[in-house]
C-alpha cells in the first residue's frame, strides 16, 4: 500500500482547503442572490456549506472578508471584459464593453445586483485610493480618450483625465441604477451609452461629432 509522504499530505490539505473555500464562496453567492447581503450570516452559511463557523473564519474570515473575496472575484471578471473591449474607434470600444458587461450581468442578475449594492455600501469601490478598484478601472477610459485624440477623433480641448473620469462615471451611475432596480439591463445599456456618447460628442471633431449624434439618435429609437 502506498504511503502518504509529507509533500503529498501537504498537497492534499491545500486542495481540501481550496475546495472548502470554493464551497463557502459558492454558497455565500447563492445566499446573496436569494436574499441579499444583509441576510448572510456565518451561522447559516456554515450550515449550507456543511462546515463549522470556526472553519469559515479560519479559511476566509468574517462577513466583510467574505464580501471582499466575492468582490475580488467580480473585479477579476470585469477586468477580463474590459481588456477584451477593443474596437476600431473609441465609441466601438466603449459600446463593446458596455454590451459585454450587460451580457455578463445577465448570467446572474440577482447576485450581481446584490453584490454591487453591498460593495458600494461597504466602501470597497471607494474613489480616494490611487491603487483601488476605482483607480484601476478609470485607467482604461482615460487611455482610450488619449488614443482617440491622437486619431483626430477628439479635439483635446477636454483633457483625457477629465473626459475619462466622466465616461467611467456614466457607466457607474447606470450600473448603480440598474442594481437598485430603476431599470433593466437594456436600460443599463442605453443609459450608459447615452452618457458615454454625449461625453465623446462634447470634445469631438466635427465629423466624429456628427457620427456621435447619429449614434445617440439610434439609441433613442431602441
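Numbering (this note's numbering), first residue to last: 100 to 321. In this text, a Cβ means the ideal position worked out from N, Cα and C, and glycines have one as well. From a predicted model like this one, the values you see are computed outputs, not experimental measurements.
Review point. At what residues does the alpha helix (DSSP H) containing residue 313 begin and finish?
Key: The count along the chain shown starts at 1 and reaches residue 313 at position 214. Residues 305 to 319.
Exercise for review: Spatial neighbours of residue 116 within its chain, please: CB distance less than 8 Å, with the 5 preceding and 5 following residues excluded, ordered by chain position.
Suggested key: By 1-based counting over the chain shown, the position of residue 116 is 17. Around residue 116: 158.
Check your understanding: Is residue 139 helix, strand or coil when you go by DSSP?
Key -> Walking along the chain shown from the start, residue 139 turns up at place 40. Three-state result, residue 139: coil.
Practice item. Indicate the three-state DSSP secondary structure (helix, strand or coil) for residue 253 in the structure shown. Key: Residue numbering aside, residue 253 sits at position 154 when the chain shown is read from its first letter. Strand, per DSSP.
Check your understanding: By DSSP, does residue 237 sit in helix, in strand, or in coil?
Key -> Translated into positions along the chain shown, residue 237 becomes position 138. Correct three-state label for residue 237: helix.
Review point. Between which two residues does the alpha helix (DSSP H) carrying residue 152 extend?
Key: As a first step, residue 152 is located in the chain shown; it is residue number 53 there, counting from the start. Element bounds for residue 152: 152 to 158.
Check your understanding: How should residue 126 be labelled, buried or exposed, when 16 other C-beta atoms within 10 angstroms of its C-beta is the threshold for buried?
Key -> On the chain shown, residue 126 is found 27 positions in, with the first residue counted as 1. Counting Cβ neighbours within 10 Å, residue 126 comes out buried, since at least 16 surround it.
Check your understanding: Nearest-angstrom Cα distance between residue 136 and residue 249?
Key -> One-based indexing of the chain shown puts residue 136 at position 37. One-based indexing of the chain shown puts residue 249 at position 150. Whole-angstrom Cα-Cα distance: 45 Å.
**Study point:** Cβ pair residue 179, residue 288 closer than 8 Å
**Key:** Position 80 of the chain shown, counted from the start, is the residue given in the question as residue 179. Position 189 of the chain shown, counted from the start, is the residue given in the question as residue 288. Cβ atoms of residue 179 and residue 288: not closer than 8 Å.
Check your understanding: Considering only residues of the same chain and omitting the five flanking positions on each side of residue 213, which have a CB-CB separation below 7 Å?
Key -> If you number the chain shown from 1, residue 213 lands on position 114. The residues are 131, 132, 135, 136.
**Study point:** C-alpha gap between residue 286 and residue 277, whole angstroms
**Key:** One-based indexing of the chain shown puts residue 286 at position 187. One-based indexing of the chain shown puts residue 277 at position 178. If you take the alpha carbons of residue 286 and residue 277, they lie about 8 Å apart.
Review point. For residue 93, which of 259, 256, 294 has the nearest alpha-carbon?
Key: The chain is shown only over 100 to 321; residue 93 falls outside these bounds and no answer can be derived.
Check your understanding: Which first and last residues belong to the alpha helix (DSSP H) in which residue 346 is found?
Key -> Shown here, the chain extends from 100 to 321; a query on residue 346 therefore has no answer.
Check your understanding: Is the region 200 to 217 touching the region 142 to 153, taking contact as three or more C-beta pairs under 8 Å?
Key -> no
Practice item. Please name the residue, chosen from 122, 306, 119, that lies closest to residue 253 on a Cα-to-Cα basis. Key: Position 154 of the chain shown holds residue 253. It is 306.
Exercise for review: Consult DSSP for residue 222 and reduce its assignment to one of helix, strand or coil.
Suggested key: As a working note, residue 222 is residue 123 in the chain shown. Residue 222: coil per DSSP, three-state reduction.
Check your understanding: Between residue 282 and residue 207, what straight-line distance do the alpha-carbon atoms span, to the nearest angstrom?
Key -> Translated into the one-based positions of the chain shown, residue 282 becomes position 183. Translated into the one-based positions of the chain shown, residue 207 becomes position 108. Using only the alpha carbons, I get a separation of about 16 Å.
Check your understanding: Does the beta-carbon of residue 218 have 16 or more other beta-carbons within 10 angstroms, so that it is buried, or is it exposed?
Key -> By one-based count along the chain shown, residue 218 stands at place 119. Buried, by the Cβ-count rule.
Check your understanding: So, helix, strand or coil for residue 282, using DSSP?
Key -> Here residue 282 refers to the residue found at position 183 of the chain shown. Reduced to three states, the DSSP call for residue 282 is coil.
Check your understanding: Helix or strand or just coil, what does DSSP make of residue 294?
Key -> As a first step, residue 294 is located in the chain shown; it is residue number 195 there, counting from the start. Note: residue 294 maps to helix in three-state DSSP.
Check your understanding: Tell me which same chain residues have a C-beta within less than 7 Å of the C-beta of residue 50, skipping the five on either side of it?
Key -> No statement about residue 50 is possible, as the shown extent of the chain runs from 100 to 321 and does not include it.
Point to revise | Distance between beta carbons of residue 123 and residue 144, contact taken as under 8 Å | key: Within the chain shown, the letter at position 45 stands for residue 144. Within the chain shown, the letter at position 24 stands for residue 123. The Cβ separation is near 7 Å, so the contact holds.
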